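Chemist: Starting off with a structure, shown below.
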Amino acid sequence: ITGHNYRSIFGYLDNLDEGDTFEVKDKSNKTITYKIYDKYIVNTDELDCLSQETDGKREVTLITCTPGGITRLIIKAKEI
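Heads up: the sequence shown at position 12 corresponds to 12 in this note's numbering, and the numbers run straight through without jumps.
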C-alpha cells in the first residue's frame, strides 16, 4: 500500500516501530490486525521491497516517501 507522507495519509508512519500493530479492513469490511516486523529506508530505484514472496502468509507492505522525496520508507508487517 503506497501513499504520500501527508499527515492525513501516511505522515505518521515514521512514528511506527517494529512490534507495533495496525489494522486494515478488507473488501468484506473484515478488520485484519498486522504486526510490524521490519522498517527501513530505500532509494527510489531499489525494488526488492516490492517482493510478494511471503511463504503463503498474509503480509502487507506500507510505502511512503521520506521528506524531500529522495528515499522511501518501507514498513513490513505480518497478520496476527
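Here a beta-carbon is modelled for each residue, glycine too, at the ideal position from N, C-alpha and C.
Being a predicted model, the structure only gives us computed values, none of them experimental.
When you compare the CB positions of T64 and N5, do they come within less than 8 Å of one another, or not?
Modeler: Indexing the sequence shown from 1 puts residue 64 at position 64. Indexing the sequence shown from 1 puts residue 5 at position 5. Yes, the Cβ-Cβ distance between T64 and N5 is below 8 Å.
Chemist: Between the alpha carbons of D38 and L16, how many angstroms are there, rounded?
Modeler: Within the sequence shown, numbered from 1, the residue matching residue 38 stands at position 38. Within the sequence shown, numbered from 1, the residue matching residue 16 stands at position 16. Their backbone Cα atoms lie some 10 Å apart in a straight line.
Chemist: Going along the chain, which unbroken runs of the beta strand (DSSP E) with 3 or more residues stay wholly within the stretch 2–47?
Modeler: Runs of the beta strand (DSSP E) inside the stretch 2–47: 21–25, 31–43.
Chemist: K78 lies in the beta strand (DSSP E); which residues open and close that run?
Modeler: Your numbering for residue 78 matches position 78 in the sequence shown. Here the beta strand (DSSP E) through K78 covers 71–79.
Chemist: Just the C-alpha distance for D84 and K78, rounded to the nearest angstrom, thanks.
Modeler: Given that the chain is displayed from residue 1 to residue 80, the structure contains no residue 84 and the question cannot be resolved.
Chemist: Only counting the same chain, and skipping five residues up and downstream in sequence, which positions put a Cβ closer than 6 Å to that of T33?
Modeler: Along the sequence shown, read from residue 1 onward, the residue named residue 33 stands at position 33. Result list for T33: T21, E23, I80, in chain order.
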